[in-house]
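Participant:
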Amino acid sequence: MEIFIEVARQRSFSEAGRRLGLTRAMVSKHILQLEDKLQARLLHRSTREVSLTDAGQAYLAPCIATVEQSQEAARALSQATQAGAELAGPLRIQAPSSFGSEWLADAVARFSVSHPQLAPMLYVDDALLDPIEHGFDLTVRVGGIPDVHALAMRQLAPCRGVLCASPAYLARHGVPQSPQDLHQHRCLHFSHLTDGTQWHFTRGAQRQTVRVQAAFTANNGVVLQRAAQRGLGIVYNTTFLAWRALIEGTLVPVLSDWELPLNHLSALYPASRQPSAKVRALIDFLVAEYQPVPPWDRELRSHGLLA
Numbered sequence: 001m002e003i004f005i006e007v008a009r010q011r012s013f014s015e016a017g018r019r020l021g022l023t024r025a026m027v028s029k030h031i032l033q034l035e036d037k038l039q040a041r042l043l044h045r046s047t048r049e050v051s052l053t054d055a056g057q058a059y060l061a062p063c064i065a066t067v068e069q070s071q072e073a074a075r076a077l078s079q080a081t082q083a084g085a086e087l088a089g090p091l092r093i094q095a096p097s098s099f100g101s102e103w104l105a106d107a108v109a110r111f112s113v114s115h116p117q118l119a120p121m122l123y124v125d126d127a128l129l130d131p132i133e134h135g136f137d138l139t140v141r142v143g144g145i146p147d148v149h150a151l152a153m154r155q156l157a158p159c160r161g162v163l164c165a166s167p168a169y170l171a172r173h174g175v176p177q178s179p180q181d182l183h184q185h186r187c188l189h190f191s192h193l194t195d196g197t198q199w200h201f202t203r204g205a206q207r208q209t210v211r212v213q214a215a216f217t218a219n220n221g222v223v224l225q226r227a228a229q230r231g232l233g234i235v236y237n238t239t240f241l242a243w244r245a246l247i248e249g250t251l252v253p254v255l256s257d258w259e260l261p262l263n264h265l266s267a268l269y270p271a272s273r274q275p276s277a278k279v280r281a282l283i284d285f286l287v288a289e290y291q292p293v294p295p296w297d298r299e300l301r302s303h304g305l306l307a
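When you line the sequence shown up against UniProt numbering, it's residues 1 to 307, in that order.
1. In angstroms, rounded to a whole number, what distance separates the CA positions of A25 and Q33?
2. State yes or no: is the C-beta of L118 within less than 8 Å of the C-beta of L91?
3. Run the CB neighbour count on T81, radius 10 Å, all protein chains shown included, and call it buried at 16 or more, exposed below.
4. Start and end of the alpha helix (DSSP H) containing M153?
5. Could you please give the first and the last residue of the uninterrupted beta strand (DSSP E) stretch that includes Q94?
6. If we ignore side chains and look at the alpha-carbon of each, how far apart do G84 and A277 end up?
7. Look at the alpha carbon of L251 and the alpha carbon of R186, and state the distance between them as a whole number of angstroms.
8. Would you mind giving the Cβ-Cβ distance between F111 and L282, rounded to the nearest angstrom? I have them listed as a contact below 8 Å.
9. Thinking just about the alpha-carbon of each residue, which of A127, E49 and F136 is nearest to the one in V142?
10. Quick check on the DSSP output: the alpha helix (DSSP H) that includes W296 runs from which residue to which?
11. What residue range is occupied by the uninterrupted beta strand (DSSP E) comprising M121?
12. Excluding five sequence neighbours on each side, which residues of the same chain lie with their C-beta closer than 8 Å to the C-beta of L300?
13. Pick out whichever of Q291, S28 and A171 has its Cα sitting closest to the Cα of I234.
14. Taking the beta carbon of D297 as the centre, do at least 16 other beta carbons fall within 10 Å, making it buried, or is it exposed?
15. To which residues does DSSP link I64 through a beta bridge?
16. Residue range of the alpha helix (DSSP H) that T239 falls in?
17. Measuring only the C-alpha atoms, how far is L20 from E289?
18. Classify A95: buried if its beta carbon has 16 or more other beta carbons within 10 angstroms, exposed otherwise.
19. Beta-carbon separation of L262 and P158 under 8 Å?
20. Within 7 Å: the Cβ of C187 and any heavy atom of the ligand GDP?
21. Which stretch, first to last residue, makes up the beta strand (DSSP E) that contains A267?
22. Which residue wins for smallest C-alpha separation from F190, given the options H183, P179, P176 and V212?
23. Pick helix, strand or coil for E259, following the three-state DSSP scheme.
24. Just to confirm, are P176 and L255 a CB contact at a threshold of 8 Å?
25. Let me check understanding here. Comparing Cα to Cα, which of G204, V210, Q229 and F4 lies closest to residue 331?
26. Tell me, to the nearest whole angstrom, how far the beta carbon of residue 309 is from that of V162; I am working on the premise that it is less than 8 Å.
27. On the CB-based measure, 16 or more other CB atoms within 10 Å of its CB, does S46 come out buried or exposed?
28. With DSSP as the reference, please indicate the residues paired to T139 in a beta bridge.
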């Protein structure tokens with residue numbers, strides 16, 4: 001039936017054979033067997049073209065439906081088999097270094113305890129590496145998808161921004177009362193922000209944008225946080241990284257009545273193929289870990305540091 005459908009589409013035994021990896025003679029043999037079984041001639045043959053007979057025309061649509069149902073059943077069986085099988089083999093994961101070391105490494109380790117045949121390879125790097133080019137099964141990234149046609153996405157958790165500084169810095173330089181006051185402060189800047197040194201603020205219907213003069217720039221959140229704790233300036237941070245310092249008081253929230261843009265931590269994987277059972281299982285595990293409220297934000301809420 002699959003061969004008949006391809007011959008009908010291509011109007012050629014030779015072309016159908018080329019697409020199916022069969023010789024022209026083998027294609028012709030299968031069509032003859034099908035016609036013999038149905039006791040009906042399905043195709044007109046000529047030296048120039050193959051065309052459908054009336055019987056072939058009537059048979060084509062239900063034939064296509066039957067083949068598609070068969071293929072769908074095979075896919076469902078394959079997925080069910082994969083779901084029940086032990087997760088095993090390599091699993092290549094890439095993530096930003098700060099989130100990867102602070103949160104993801106522990107989650108992947110706990111996930112692996114339940115699947116001892118799995119061999120995760122966690123690559124932490126703040127560079128925006130192409131997951132397909134570098135062969136990652138799963139990439140965790142802050143923000144959206146760089147190429148919506150090549151990558152599929154599933155959101156894992158909100159990624160909240162927070163401005164903070166050490167008590168010592170604020171004692172020396174004062175506490176800013178509005179975003180515009182940041183022009184008079186030392187600002188510690190994360191170089192991978194998509195809008196460069198423009199920091200955006202929202203409070204109700206109010207919108208403000210400040211282009212800061214970065215006193216210190218780095219491509220790593222841990223580096224910036226340590227600089228802020230040393231009293232170097234006000235850092236644009238994330239709650240998944242700053243939560244412990246805020247609770248312990250080594251960093252203090254700044255301009256907390258203004259909101260920074262809300263981002264998301266997302267799991268990315270190639271859109272051109274179905275994710276494997278081990279990729280799906282890890283994503284499901286991370287979603288259960290981080291939703292609806294991720295653990296770092298729950299800790300901040302329990303201490304009254306997050307609404």
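By construction, the Cβ of each residue, glycine as well, lies at the ideal position given by its N, Cα and C atoms.
Facilitator: Quick answer:
1. 12 Å
2. Yes.
3. The predicted model places T81 with a pLDDT of 49, which falls under 50 and marks its position as unreliable; any figure quoted below should be read in that light. Looking at its Cβ environment, which holds fewer than 16 other Cβ atoms inside 10 Å, T81 is exposed.
4. Premise fails: M153 lies in the beta strand (DSSP E), L151 to C159, not in any alpha helix (DSSP H).
5. First-last of the beta strand (DSSP E) with Q94: G89 to A95.
6. Because the pLDDT at G84 is just 48, under 50, the model does not fix this residue reliably, and the point stays unresolved.
7. Taking the CA atoms as reference points, L251 sits about 15 Å from R186.
8. 6 Å
9. The shortest Cα separation from V142 among A127, E49 and F136 belongs to A127.
10. P295 to S302
11. L118 to V124
12. Correct list, in chain order: T239, W243, L246, I247 and L306.
13. A171
14. buried
15. In DSSP, I64 forms no bridge with anything.
16. Here the alpha helix (DSSP H) through T239 covers T239 to E248.
17. 45 Å
18. buried
19. yes
20. Looking at this structure, you won't find the ligand GDP or any other ligand, since it has none at all.
21. Note, A267: beta strand (DSSP E), N263 to P270.
22. V212
23. strand
24. Their beta carbons are under 8 Å apart, which means P176 touches L255 by this criterion.
25. Because the chain spans 1 through 307 in this model, residue 331 falls outside it and cannot be assessed.
26. Outside the shown range of the chain, which is 1 to 307, sits residue 309, and nothing can be said about it.
27. exposed
28. Q94 and L268
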